[in-house]
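Undergrad: First residue of the sequence shown? That's 7 in the working numbering, and the numbers climb one at a time after it. All C-beta atoms in this analysis are idealised placements derived from N, C-alpha and C, irrespective of residue type, glycine included. Predicted model only: the values in this text are computed from it and were never measured.
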Amino acid sequence: MHLAPEYGIGRFIKGIVGNGYEAFDISPERYPPELNTRQLDLVTGAEKLPSQHYDIVLHSHVMEHLPCNETAVLYHLHRSLKPGGKHIFCIPIHDGHYESDLGNLSGEERTRRFHQHDHIRRFGRADFQNTIGMIFDLKLFDLERLVGANQLRANAIPEEGWRGVSGHMYYFAEKDDIKLKE
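1) Do you know how far the Cα of G51 is from the Cα of D124?
2) Using CA coordinates, which residue listed in T137, A132, R36, H100 is at the minimum distance from R119?
3) Which whole-angstrom value describes the C-beta separation of I62 and D47, a residue pair presumed to lie in contact below a C-beta threshold of 8 Å?
4) Are H65 and L9 touching if we call contact CB-CB under 9 Å?
5) Taking K92 as part of the beta strand (DSSP E), name the residues at either end of that continuous run.
6) Does the beta-carbon distance from F142 to H67 come in below 9 Å?
7) With DSSP collapsed to three states, give me the class of Q45.
8) Name the two residues that bound the continuous beta strand (DSSP E) containing Y60.
9) What three-state label does DSSP hand E180 in the structure shown?
10) Kindly indicate the opening and closing residues of the alpha helix (DSSP H) around F120.
11) In this structure, does DSSP put F147 in helix, strand or coil?
12) Quick check: the region 142-155 against the region 107-121, are at least 3 beta-carbon pairs closer than 8 Å?
13) Between the Cα of H84 and the Cα atoms of S57, E105, G139, N75, which residue gives the shortest distance?
14) Thinking just about the alpha-carbon of each residue, which of K181, R131, K187 is nearest to the one in M175?
15) When DSSP labels each residue in this structure, what does R190 get in the three-state scheme?
16) Look at the alpha carbon of K54 and the alpha carbon of S86, and state the distance between them as a whole number of angstroms.
17) Would you mind sorting K20 into buried or exposed? The rule is 16 or more other CB atoms within 10 Å of its CB.
Shown next as structure tokens:
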């Protein structure tokens, strides 16, 4: 399951998995036909996702756009993973604290508070463990140790994205990493 599928990533994954690739977005008409993107409104449709259905759930910069409680959406996306499945995601993380407002704000006010006119929330580095960290047991990476500083610079990865909590980092949660259990 690939949400808001980036064309290059989607094409690459589809080339590997073929017909097993499933892309979804609230506005599928925005995507090229070859990705076969289907309509899914996560606000009203996440709870209807089948349980234990997907090997991978992948999304980048989606949660900050959803006019609902993102914890519920993340829970249902994770529930849709098969045993052994992986939930891979990226969210914009800013200095400071988490903030959310589902109210009727102007685009200017949203930009001022959340850094973009269509964002509903911002995730903060200062309290990341008290937001996303309360949903998943996330392992934080040190990319400098994995690939080296020269490789990171050559690929234009900003130093703030090399380790720890960052908006440049992808987070990997396995099926059993969810903390919201009975």
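TA: This is what the structure gives:
1) One-based indexing of the sequence shown puts residue 124 at position 118. One-based indexing of the sequence shown puts residue 51 at position 45. Taking the straight line from one Cα to the other gives about 20 Å.
2) Working through the sequence shown from its first residue, we reach residue 119 at position 113. Among T137, A132, R36, H100, the Cα nearest to that of R119 belongs to H100.
3) As a first step, residue 62 must be located in the sequence shown, where it is residue number 56. As a first step, residue 47 must be located in the sequence shown, where it is residue number 41. Between D47 and I62 the Cβ distance is about 21 Å, and since that is not below 8 Å, they are no contact.
4) Numbered from its first residue, the sequence shown carries residue 65 at position 59. Numbered from its first residue, the sequence shown carries residue 9 at position 3. Yes, Cβ-Cβ distance for H65 and L9 is below 9 Å.
5) The residue you call residue 92 lines up with position 86 of the sequence shown. Segment 87-96, the beta strand (DSSP E) holding K92.
6) If you number the sequence shown from 1, residue 142 lands on position 136. If you number the sequence shown from 1, residue 67 lands on position 61. No, these two residues do not count as a Cβ contact at 9 Å.
7) In the sequence shown, counting from the first residue as 1, residue 45 sits at position 39. Note: Q45 maps to strand in three-state DSSP.
8) Within the sequence shown, numbered from 1, the residue matching residue 60 stands at position 54. Counting along the chain, the beta strand (DSSP E) containing Y60 begins and ends at 60-66.
9) In the sequence shown, the residue the question calls residue 180 occupies position 174. In this structure, E180 counts as strand in the three-state DSSP scheme.
10) Here residue 120 is taken as the residue at index 114 of the sequence shown, counted from 1. Element bounds for F120: 113-120.
11) Position 141 of the sequence shown, counting from 1, holds the residue named residue 147. Reduced to three states, the DSSP call for F147 is coil.
12) no
13) Along the sequence shown, one-based indexing puts residue 84 at 78. The shortest C-alpha separation from H84 is found at S57.
14) Your numbering for residue 175 matches position 169 in the sequence shown. Selected option, being the one with the closest Cα: R131.
15) The chain is shown from 7 up to 188; residue 190 falls before or after that span and cannot be answered.
16) The residue you call residue 54 lines up with position 48 of the sequence shown. The residue you call residue 86 lines up with position 80 of the sequence shown. Cα-Cα distance, rounded: 10 Å.
17) Against the sequence shown, residue 20 aligns to sequence position 14. Per the 10 Å Cβ criterion, buried.
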